[in-house]
Amino acid sequence: MHSQARRLFKLALSPVLLLLGLLSTGALAEEAQRWQMNLSPGVTEVGAEIYELHMIVIWICVVIGVVVFGAMFYSVFTHRKSKGAKPADFHESTAVEIAWTVVPFIILIVMAFPATKTLLEVYNFEDTELDILVTGYQWKWKYEYIDENGENVAFFSNLRTGKTEIYNEDGKGEHYLREVDEPLVLPVNTKVRFLVTANDVIHSWWVPSLAVKKDAIPGFINETWSKPLKTGVYRGQCAELCGRDHGYMPIVVHVVEQDEYDSWLAGKKVKAAKIKSLMDKQFTLDEQMVAGKTVYNQYCVACHGVNGEGGIGNAIAGSSIATGDIYGHIDMGVNGVPGTAMQAFGAQLNDVDMAAVLTFQRNAFGNNMGDIIQPIDVYNFKQGQ
Amino acid sequence: MGAHGPATQGLMRWVTTTNHKDIGTMYLWFSFAMFIMGGAFAMIIRAELFQPGLQIVEPEFFNQMTTMHGLVMVFGAIMPSFVGLANWMIPMMIGAPDMALPRMNNLSFWILPPTFLLLASTLFMEGGAPNFGWTFYAPLSTTYAPDTVTFFIFGVHLMGLSSIMGSINIIATVVNLRAPGMTYMKMPMFVWTWLITAFLLIAVMPVLAGLVTMMLMDIHFGTSFFSAAGGGDPVLFQHVFWFFGHPEVYIIILPAFGVVSQIIPTFARKPLFGYDSMVYATASIAFLSFIVWAHHMYTVGMPVAGELFFMYATMLIAVPTGVKVFNWITTMWKGSMTFETPMLFSIGFVFLFTIGGFTGVMLSLAPVDFQYHDSYFVVAHFHYVMVAGAVFSMSAAVYYWLPKWCGKMYNESMGKAHFWISFVGFNLTFFPQHFLGLAGMPRRIPDYALQFTDFNTMSSIGAFIYGSSQILFLFNVVRTIVAGKPTSEEKTWEGAEGLEWTVPTPAPYHTFSTPPEVK
Ligand SMILES: [Cu+2]
Ligand SMILES: [Cu+2]
Chain A
1 MHSQARRLFK
11 LALSPVLLLL
21 GLLSTGALAE
31 EAQRWQMNLS
41 PGVTEVGAEI
51 YELHMIVIWI
61 CVVIGVVVFG
71 AMFYSVFTHR
81 KSKGAKPADF
91 HESTAVEIAW
101 TVVPFIILIV
111 MAFPATKTLL
121 EVYNFEDTEL
131 DILVTGYQWK
141 WKYEYIDENG
151 ENVAFFSNLR
161 TGKTEIYNED
171 GKGEHYLREV
181 DEPLVLPVNT
191 KVRFLVTAND
201 VIHSWWVPSL
211 AVKKDAIPGF
221 INETWSKPLK
231 TGVYRGQCAE
241 LCGRDHGYMP
251 IVVHVVEQDE
261 YDSWLAGKKV
271 KAAKIKSLMD
281 KQFTLDEQMV
291 AGKTVYNQYC
301 VACHGVNGEG
311 GIGNAIAGSS
321 IATGDIYGHI
331 DMGVNGVPGT
341 AMQAFGAQLN
351 DVDMAAVLTF
361 QRNAFGNNMG
371 DIIQPIDVYN
381 FKQGQ
Chain B
1 MGAHGPATQG
11 LMRWVTTTNH
21 KDIGTMYLWF
31 SFAMFIMGGA
41 FAMIIRAELF
51 QPGLQIVEPE
61 FFNQMTTMHG
71 LVMVFGAIMP
81 SFVGLANWMI
91 PMMIGAPDMA
101 LPRMNNLSFW
111 ILPPTFLLLA
121 STLFMEGGAP
131 NFGWTFYAPL
141 STTYAPDTVT
151 FFIFGVHLMG
161 LSSIMGSINI
171 IATVVNLRAP
181 GMTYMKMPMF
191 VWTWLITAFL
201 LIAVMPVLAG
211 LVTMMLMDIH
221 FGTSFFSAAG
231 GGDPVLFQHV
241 FWFFGHPEVY
251 IIILPAFGVV
261 SQIIPTFARK
271 PLFGYDSMVY
281 ATASIAFLSF
291 IVWAHHMYTV
301 GMPVAGELFF
311 MYATMLIAVP
321 TGVKVFNWIT
331 TMWKGSMTFE
341 TPMLFSIGFV
351 FLFTIGGFTG
361 VMLSLAPVDF
371 QYHDSYFVVA
381 HFHYVMVAGA
391 VFSMSAAVYY
401 WLPKWCGKMY
411 NESMGKAHFW
421 ISFVGFNLTF
431 FPQHFLGLAG
441 MPRRIPDYAL
451 QFTDFNTMSS
461 IGAFIYGSSQ
471 ILFLFNVVRT
481 IVAGKPTSEE
491 KTWEGAEGLE
501 WTVPTPAPYH
511 TFSTPPEVK
């Protein structure tokens, strides 16, 4: 190569080098951060392997790219008519053509080995220590810790970012759109198996730092696993278009030390047992009004208003449903109205809270029905449908 | 040679025409109109994504935009544009007087405008336009779809009909109407790639039609093809869709390969390197495209054996694709190159398409794809192959043949400006999207976490630049037709070869009424 070509070659290479420099600095972080340009190796062995594979392939592509584009730009700059270049008259060469069929083939085989190895590792479900059922709903996730004794712990995980942030009325918090009311909690150094499914449409459960992405398909259960090696908070979100709020169903995973996890789980179980014991308790109207108001303010107020005056949802004050047949009202709370903003709360609220909030709606805002819905009524309604 | 023009004038000329040039022209203008419409949708998407938060549209409408952008670009802009090119050029390249089935040709075009009118009108209907993505996965597109999905299904049927008729016509023309002496292995590459594309279309459009029919049954007649509750399977939908969808991407890209294989030799003043291997590579790509579909579905939970099969098969596609790129570059090698606008767009094509090819190889690796899948990395990848592939090559084709079509020369500096602005705009739009995907941003979201802000802003600015460069394109083309410098040279370009350059300029209404002799 004469000097001009060498200069061109260097020139062509410089953006590539710059880019790779940036890539490698971006790679160090576990949590996604501003200007991040590259995959993160995350906190699992598989994630690190995937990252390595990704880097190997990038480098192979860079080398091929430098050769191919180098040849192209060399030609573009030297074989010009304006520089007096005369066209050569070759138009085939069996040897060359065989070479550039065989060489890429060999390169691909070289890539296939580590790819196969990593893939088999991803599919190795041996020795998983904990099973969690992940269910996608429009538009939230439900996590259920599967317990050998049948004492499953289950809860929903909803987006916590408020509408005012989304609509730019308030400033956006640090974890805008990637914060939830209840995160998934995992013990560190534990091989967790995720059973992934969905309740309505297809979703996809993706946490880059755990190197997990699996489609949640209604009616089928997929499995995948991850073994986080470092404590911390890892964030992700639904990856498969699932309707209106597809962009608003984040995933937050807290990886904690084993003992912290144990006490968290125990706390959850105590709470679940408490709800169970409340199931056949008969509440007074006053008790239901107090409990119901709390639930109402957490789950319903955004659409039905502080004074039951309505908004996105219909008015509760004077509503024919809230002042009508009890089971019609329970049906509304449990099943919602498909296709409207009134979602089915049946799976999200436990029967105790549901009974309380419905009783509240029947007796607040001037509705004064005087009747009480008990948890067992909600339970019986659900059993009967 | 028949020197007479169209039989009727005015509007009826266009409605009743069976002339391949008229029909080609209508296809080209129609596809450009769709390109502008699909582009407008893209601008709305990028405007919303300029900043985090919701500023311009609601999520529901955003989903309609992503869906309509994809559908309109793939089925309304790219595919018809290449059919238009085929109509104009195939008869002139093989020395045929017209397409073999001219009346069907008319019909296959005139199906399209009402179809897209119907599709666009769903935007104004209750419930809104289709909002389930251009890949319309069930059950989002069945049980959970807006009512307009039925119009969408009808539209897909009509588009399929039009494509199948177009393909039959192309096959019939190429097989039967070649001039004496024009053997298969003498056909211009553009004709070859279209012949193979036409077979692909005939093979997969019925699959798509079957798929949307199953949807129709699920929605209106109580079947459960795609609902597990009734014994069906949502994943079946994806298998069938991608059995159509993967060949579809080659349907889009193969004619583009053909175009640049015509243009690069012209401006390198050197014959296409490795013509035979080009033909074989095209055929192998077409064959392979039938056995790789599930690489779009690595995360649906396939058994590991399936993953491995689809991974290896997909990697293989890199081989014939590489052959093509090497051939183009070797065609330039030791040529005597000039860089008029068509050549710039062709070189831009080779460069950008190859980058898309690299990311394609990365995506083919199943374990890594678990991280890339459904992220902006994929969006970047397929815009590098689709936009750089189809739109750049289409622009190249228009500049290349426009003088032949209308006997006027376009403005070269404006053409070059169009190229450079699109090139910069395109890369500014889509290169940062690789980073966004790698950093964890999923596709098809109207709003995003704060760490994705900077590259999204960059990408939006690029999109506005890229979008506005197309106005320059339109202006240049219209200006050429209205007030371009007249030219009557048969060979517009010094190095051009092929029968289309032996007819007068502008090409008369009827060419090759008596077949030429090909030596
Ligand atoms: Cu989603
Ligand atoms: Cu594909």
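Heads up: the protein sequence lines correspond to chains A and B, in order. The first sequence: position 86 = 86 (full-length UniProt numbering), numbered continuously. The second sequence: position 391 = 391 (full-length UniProt numbering), numbered continuously. All C-beta atoms, glycine included, are put in the ideal place defined by N, C-alpha and C.
field: Interface flag, V256 of chain A vs chain B, CB-CB below 7 angstroms
entry: no
- request: Pull out every residue of the segment 325–352 of chain B whose Cβ sits closer than 9 angstroms to any Cβ of chain A, in chain order.
  value: V325, F326, N327, W328, I329, T330, T331, M332, W333, K334, G335, S336, M337, T338, F339, I347, V350, F351
task: Could you tell me if the beta carbon of H203 of chain A falls within a distance shorter than 6 angstroms of some heavy atom in ligand 1?
output: yes
query: Considering N176 of chain B, what are the terminal residues of the alpha helix (DSSP H) in which it resides?
result: 149–176
- prompt: What's the gap between the Cα of I23 of chain B and the Cα of L308 of chain B?
  reply: 45 angstroms
task: Could you spell out where the beta strand (DSSP E) holding Y299 of chain A opens and where it closes?
output: Looking at the DSSP string, Y299 of chain A is not in any beta strand (DSSP E), and its letter there is neither H nor E.
Minimum C-alpha distance to S40 of chain A - residue among B:M343, B:Q371, B:R269: B:Q371
message: So that I know if they touch, is there some Cβ in chain A lying closer than 7 angstroms to that of D447 of chain B?
response: yes
query: Would you say D147 of chain B faces chain A, with C-beta separation under 7 angstroms as the test?
result: no
Beta bridge counterpart(s) of E126 of chain B as assigned by DSSP: According to DSSP, which records beta bridges pairwise, E126 of chain B is partnered with nothing at all.
- prompt: Just to confirm, are P271 of chain B and S375 of chain B a CB contact at a threshold of 7 angstroms?
  reply: no
message: For E500 of chain B, which residues in the same chain have their Cβ closer than 8 angstroms to its Cβ, ignoring the five residues on either side in sequence?
response: M89, M92, M93, W401, K404, A507
message: Taking the alpha-carbon of T118 of chain A as reference, which of A:G136, A:T135, A:T44 has the nearest alpha-carbon?
response: A:T44
message: So for M58 of chain A, helix, strand or coil by DSSP?
response: Just to set this straight, residue 58 of chain A is Ile in the shown sequence, not Met. Three-state DSSP puts I58 of chain A in a helix.
- prompt: Sorted by chain position, which residues of the same chain lie with C-beta nearer than 8 angstroms to M34 of chain B's C-beta, five sequence neighbours on each side aside?
  reply: V72, M73, G76, A77, P80, F116
query: Which chain A residues are close to E126 of chain B, counting only those with a beta carbon under 9 angstroms from its beta carbon?
result: Correct list: empty, because the minimum Cβ distance to chain A is about 12 angstroms.
message: Can you tell me whether H383 of chain B sits near ligand 2, meaning its C-beta is under 6 angstroms from at least one heavy atom of the ligand?
response: no
field: Beta-carbon gap between R244 of chain A and R178 of chain A smaller than 7 angstroms
entry: no
query: Going along the chain, which residues of its own chain have a beta-carbon closer than 6 angstroms to the beta-carbon of H20 of chain B, five neighbours each way excluded?
result: N87, P91, D98, M99
message: I want to see whether chain A comes within less than 7 angstroms of V368 of chain B, judged by CB atoms only; does it?
response: yes
Endpoints, alpha helix (DSSP H) assigned at Y27 of chain B: 20–48
query: Listed by chain order, which residues have C-beta atoms less than 7 angstroms from any heavy atom of ligand 2?
result: B:W242, B:G245, B:H246, B:V249, B:V292, B:W293, B:H295, B:H296
query: What alpha helix (DSSP H) runs, 4 residues minimum, are completely inside the segment 31–94 of chain A?
result: 45–78
- prompt: Does any CB atom of chain B fall closer than 7 angstroms to the CB of H79 of chain A?
  reply: yes
- request: Specify, as a first and last residue, the run of the alpha helix (DSSP H) that I132 of chain A falls within.
  value: Segment 130–137 is the beta strand (DSSP E) holding I132 of chain A; no alpha helix (DSSP H) there.
- prompt: chain B beta carbons: is any one of them nearer than 7 angstroms to that of I166 of chain A?
  reply: yes
task: Please compile the residues from chain A whose C-beta is within a distance smaller than 7 angstroms of the C-beta of G274 of chain B.
output: E92, E97
task: Name, in chain order, the residues that DSSP records as bridge partners for Y143 of chain A.
output: A:V134, A:F155
- prompt: Do H246 of chain A and ligand 1 come close, with the Cβ less than 6 angstroms from some heavy atom?
  reply: yes
- request: Determine the extent of the alpha helix (DSSP H) in which S121 of chain B is found, giving its start and end residues.
  value: 112–121
field: Contact test: E240 of chain A Cβ vs ligand 1 heavy atom, cutoff 6 angstroms
entry: yes
query: Whose C-beta lies closer than 6 angstroms to the C-beta of I221 of chain A among residues of the same chain, with five residues either side of it excluded?
result: L195, T197
task: Tell me whether S204 of chain A is buried or exposed, calling it buried when 16 or more other Cβ atoms sit within 10 Å of its Cβ.
output: buried
Exposure label - residue 521 of chain B; buried when at least 16 CB within 10 Å: No statement about residue 521 of chain B is possible, as the shown extent of chain B runs from 1 to 519 and does not include it.
task: In angstroms with no decimal places, state the Cα-to-Cα distance between Q36 of chain A and P432 of chain B.
output: 10 angstroms
query: Taking the alpha helix (DSSP H) that E307 of chain B falls in, what are its first and last residues?
result: 304–316
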